[in-house]
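Residue numbers (our numbering), protein chains in the order written: chain B, 34 to 343; chain D, 45 to 338. For glycine and all other residues, C-beta sits at the position ideal for the given N, C-alpha and C. What you are looking at is a predicted structure, and each value in this text was computed from that prediction instead of being measured.
(1) Residues of the region 210-222 of chain B in Cβ contact with chain D at a cutoff of 9 Å, in chain order, please.
(2) Which of the three DSSP states is assigned to residue 310 of chain B in this structure?
(3) Pick from D:115, D:289, D:160: whose alpha carbon is nearest that of residue 125 of chain D?
(4) Taking the C-alpha atoms as reference points, what is the distance between residue 207 of chain B and residue 50 of chain B?
(5) Going by CA-CA distance only, name the one from B:151, B:308, B:319, B:76 that's closest to residue 228 of chain B.
(6) Measuring straight from C-alpha to C-alpha, what distance separates residue 191 of chain D and residue 243 of chain D?
(7) Using the Cα positions of residue 238 of chain B and residue 97 of chain D, report the straight-line distance between them to the nearest angstrom.
(8) Under the three-state reduction of DSSP, which class applies to residue 327 of chain D: helix, strand or coil?
(9) In whole angstroms, give me the CA-to-CA distance for residue 111 of chain B and residue 196 of chain B.
(10) Buried or exposed, going by whether 16 or more other CB atoms sit within 10 Å of the CB of residue 306 of chain D?
(11) Buried or exposed: which applies to residue 42 of chain B, given that a residue is buried once 16 or more other Cβ atoms fall within 10 Å of its Cβ?
(12) If you reduce the DSSP assignment to three classes, tell me which class residue 71 of chain D lands in.
(13) Let me confirm a value: residue 14 of chain D is counted as buried when at least 16 other C-beta atoms fall within 10 Å, else exposed. Which label applies?
(14) Using DSSP with H/G/I as helix, E/B as strand and the rest coil, what is residue 181 of chain B?
(15) Could you give the distance in angstroms between the alpha-carbon of residue 169 of chain B and the alpha-carbon of residue 64 of chain B?
(16) For residue 258 of chain B, go through chain D and note every residue whose CB falls closer than 7 Å to its CB, in chain order.
(17) Let me check one thing: in DSSP terms, what residues is residue 121 of chain D bridge-paired to?
(18) Hey, which unbroken runs of the beta strand (DSSP E) at 3 residues or more fall wholly within the region 190-257 of chain D?
(19) In chain order, what residues of the region 160-177 of chain D put their CB closer than 8 Å to some CB of chain B?
(20) Just to confirm, are residue 248 of chain D and residue 86 of chain D a CB contact at a threshold of 8 Å?
(21) With 16 other CB atoms within 10 Å as the buried threshold, where does residue 80 of chain B fall?
(22) Where does residue 303 of chain D sit, in a helix, a strand or coil, going by DSSP?
(23) Please classify residue 227 of chain D as buried or exposed, where buried requires at least 16 neighbouring CB atoms within 10 angstroms.
(24) For the region 206-258 of chain B, list the alpha helix (DSSP H) runs that are entirely contained and at least 4 residues long, ordered along the chain.
(25) Cβ-heavy atom distance between residue 47 of chain B and the ligand MG below 7 Å?
(26) Pick from B:305, B:245, B:249, B:268: whose alpha carbon is nearest that of residue 91 of chain B?
(27) Does the distance from the C-beta atom of residue 76 of chain D to that of residue 63 of chain D stay below 8 Å?
(28) Quick one: list the residues of chain B neighbouring residue 149 of chain D, beta-carbon separation under 7 Å, in chain order.
(29) Mind checking which residues open and close the beta strand (DSSP E) that includes residue 86 of chain D?
(30) Hey, residue 197 of chain D and residue 262 of chain B: beta-carbon distance below 8 Å or not?
(31) So residue 298 of chain D packs on residue 276 of chain D, CB below 8 Å; how close in whole Å?
(32) Using C-beta distances below 7 Å, list every residue in its chain close to residue 232 of chain D, excluding the 5 sequence neighbours before and after it, in chain order.
(33) Look at the Cβ atom of residue 236 of chain B, then the Cβ atom of residue 69 of chain B, and state whether they are nearer than 8 Å.
(34) Using a Cβ-Cβ cut-off of 6 Å (strictly less than) and excluding sequence neighbours within five positions of residue 137 of chain B, which residues of its own chain qualify?
(35) When the cut-off is 8 Å and only beta carbons count, does residue 197 of chain D lie next to chain B?
(36) For residue 79 of chain D, is the classification buried or exposed, using 16 other Cβ atoms within 10 angstroms of its Cβ as the cut-off for buried?
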């Protein structure tokens, strides 16, 4: 490509981008990853399992180095370690009786072990791991046709599974006690969800790199959840935001000297900040409006309907 | 409102325990417990922390098996008719960051255990008709508890009293015959305790639902209760408030002198009640209110 420059003609720019096979693959992979990571990330954010997701992302380090050590494709290592990590976290943090601090300590221990194993594998391998930069920062612009196909199959599988589990998973996430009483297998769902999350993280990190998984896993979901409390709308927004982040990020990266991951992460962060500022402004406006007619908060002047105090 | 009432009102007990005993971790939580609740009755389940109040609700839901005696719920074995049993688990308030609106929380009480995800469906299809019916039930339950004004807001932004109303609506949305409410007044301030107690009493009367309400403090409930069950020392006593919350009965139950004082405004104060055992079954991190206002 001869020094592409961004013009004001968006259609022409877009068609120029799509002339290159590597850009088409990058956009396809980015699209698949944005949808899958966005939807699984939505549940992860709702369940406050961001730390678990981060730990699963770290599993790619021992996964890739371990795979290099025994001479198989890095993807196998990713999936093996992410799966094992999901099970370990599910087992350690299982049971609602565990407090959040106990759970996060357990997850932290899993993460430390994973990184330790990664270092061991690097040292056992002895040679130079040329792929280490790809592992950390991804290969957004070097996605092969085979990778796109693998991603598509994995994404389809995990989205079908998520659709089947969706409503009980939401129930178990917001109300585990009641869900359990109504016969929802809360513990099983928790482990199944971590497994799906592990799968999504492993797939995502092959493209975006370990360090940037979160741009697509957390940011769109967190932004959407700030914007609306309606779950259906929130999920649709998550996907839309994820796609916008990936497409715009890759588009800018094509015309710029700086890496795609930087733009993807920056746009994700900027959108999240904008949403938070919007929510803050709305709350400030709302509380001023509420405060105007009655100085007491509704907590005190409780009965919203007449005749509640009979 | 009338639609919330169960269509048929068969005679017989809503909840009945006969010489029941539950063991948790190889140790009896309580034993020889007998109680009977009629349809449409409002009964409070009292007792100190760790006396096994939540355990009794879980036994009624079939989540814990009895090791002796028998239990029947709405005429069947425990757990067999959970669709007809509304349950409000003991909990801390929703985290302020829980971004899910109240109406959807109530809705989960309606269809939360159904697999799959709700997809858009045309109104005339079977799925569409069920969705409409569910939406109607949800709106009706929200209206019954007087939560319409804030049902569209994120639950984390609602006050404690508002959250409790929405959760009661969630327990009501299946049009249950029996409501099991685990400490719905806990963590509410006094005015809200009074309004939520009045709300539960109104639902009990208007919808004809039997209510078993776990409470620390009987006082907010005094005007409404049919009977109380008091759990202490691994045993239970059942009767009217005057019979059970008295110096004689509680002293016998605890096996040590306990005094019940009646304040001028009718409030009851229990003095000399022993500390609960160190081994807790209720998940209470704050061990407050042991020795006053019972």
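Taking the structure as given:
(1) 210, 211, 212, 213, 214, 215, 216, 217
(2) For this step, residue 310 of chain B is matched to residue 277 along the first chain. It is helical.
(3) Locating residue 125 of chain D in the second chain gives position 81, counting from the first residue. Of the listed residues, the one whose Cα sits closest to residue 125 of chain D is D:115.
(4) The residue given as residue 207 of chain B occupies position 174 in the first chain. The residue given as residue 50 of chain B occupies position 17 in the first chain. When rounded, the distance between both Cα atoms is 43 Å.
(5) Sequence index remark: in the first chain, residue 228 of chain B carries index 195 (1-based). For the residues B:151, B:308, B:319, B:76, the minimum Cα distance to residue 228 of chain B belongs to B:76.
(6) Sequence index remark: in the second chain, residue 191 of chain D carries index 147 (1-based). Sequence index remark: in the second chain, residue 243 of chain D carries index 199 (1-based). In this model, residue 191 of chain D and residue 243 of chain D are separated by some 11 Å (Cα to Cα).
(7) Residue 238 of chain B sits at position 205 when you count from the first residue of the first chain. Residue 97 of chain D sits at position 53 when you count from the first residue of the second chain. Roughly 48 Å between the two C-alpha positions.
(8) Position 283 of the second chain, counted from the first residue, corresponds to residue 327 of chain D. Residue confidence is low: residue 327 of chain D scores 44 on pLDDT, short of 50, so the model does not pin down where it sits. Its coordinate-derived value is still stated next. It is coil, neither helix nor strand.
(9) The residue given as residue 111 of chain B occupies position 78 in the first chain. The residue given as residue 196 of chain B occupies position 163 in the first chain. Going by the C-alpha atoms only, they are around 24 Å apart.
(10) By one-based count along the second chain, residue 306 of chain D stands at place 262. By the neighbour-count rule (16 or more Cβ atoms within 10 Å), residue 306 of chain D is not buried but exposed.
(11) On the first chain, position 9 is the one that residue 42 of chain B refers to. That one is exposed.
(12) Taking the second chain and counting its residues from 1, the one referred to as residue 71 of chain D is at position 27. In the structure shown, residue 71 of chain D sits in a strand (DSSP, three-state: E or B).
(13) Since the first residue shown for chain D is 45 and the last is 338, residue 14 of chain D is missing from the structure and cannot be characterised.
(14) One-based indexing of the first chain puts residue 181 of chain B at position 148. The answer is helix: DSSP assigns residue 181 of chain B an H, G or I state.
(15) Along the first chain, read from residue 1 onward, the residue named residue 169 of chain B stands at position 136. Along the first chain, read from residue 1 onward, the residue named residue 64 of chain B stands at position 31. Their Cα atoms are separated by approximately 20 Å.
(16) If you number the first chain from 1, residue 258 of chain B lands on position 225. Ordered by position in chain D, the residues that pass the 7 Å Cβ test against residue 258 of chain B are 143.
(17) In the second chain, residue 121 of chain D corresponds to position 77, counting from 1. Its beta-bridge partners are D:116.
(18) Runs of the beta strand (DSSP E) inside the region 190-257 of chain D: 222-226.
(19) 160, 161, 162
(20) Against the second chain, residue 248 of chain D aligns to sequence position 204. Against the second chain, residue 86 of chain D aligns to sequence position 42. The answer is yes: Cβ separation under 8 Å.
(21) The residue you call residue 80 of chain B lines up with position 47 of the first chain. Counting every other CB atom within 10 Å of its CB across the protein chains shown gives residue 80 of chain B a total of 16 or more, marking it as buried.
(22) As a working mapping, residue 303 of chain D is identified with position 259 in the second chain. Shown here, residue 303 of chain D sits in a strand according to DSSP, grouped into three states.
(23) Here residue 227 of chain D refers to the residue found at position 183 when the second chain is read from its first residue. It counts as buried.
(24) Whole alpha helix (DSSP H) segments, 4+ residues: 209-214, 219-241, 246-250.
(25) No copy of the ligand MG appears in this structure; indeed no ligand is present at all.
(26) Here residue 91 of chain B refers to the residue found at position 58 when the first chain is read from its first residue. Nearest option by C-alpha distance: B:245.
(27) One-based indexing of the second chain puts residue 76 of chain D at position 32. One-based indexing of the second chain puts residue 63 of chain D at position 19. It is a contact, given that the beta carbons lie within the stated cut-off.
(28) Translated into the one-based positions of the second chain, residue 149 of chain D becomes position 105. Within 7 Å Cβ-Cβ: 207.
(29) Counting from 1 along the second chain, the entry for residue 86 of chain D is found at position 42. Element bounds for residue 86 of chain D: 86-91.
(30) Here residue 197 of chain D refers to the residue found at position 153 when the second chain is read from its first residue. Here residue 262 of chain B refers to the residue found at position 229 when the first chain is read from its first residue. The answer is yes: Cβ separation under 8 Å.
(31) Indexing the second chain from 1 puts residue 298 of chain D at position 254. Indexing the second chain from 1 puts residue 276 of chain D at position 232. Going by Cβ atoms, the distance from residue 298 of chain D to residue 276 of chain D rounds to 5 Å, so yes, they are a contact pair.
(32) Taking the second chain and counting its residues from 1, the one referred to as residue 232 of chain D is at position 188. Answer for residue 232 of chain D: 204, 205, 208, 240, listed in chain order.
(33) Translated into the one-based positions of the first chain, residue 236 of chain B becomes position 203. Translated into the one-based positions of the first chain, residue 69 of chain B becomes position 36. Contact flag set, yes.
(34) Numbered from its first residue, the first chain carries residue 137 of chain B at position 104. Hits under 6 Å: 84.
(35) Taking the second chain and counting its residues from 1, one reaches residue 197 of chain D at position 153. Yes, residue 197 of chain D counts as interfacial toward chain B.
(36) Walking along the second chain from the start, residue 79 of chain D turns up at place 35. So residue 79 of chain D counts as buried.
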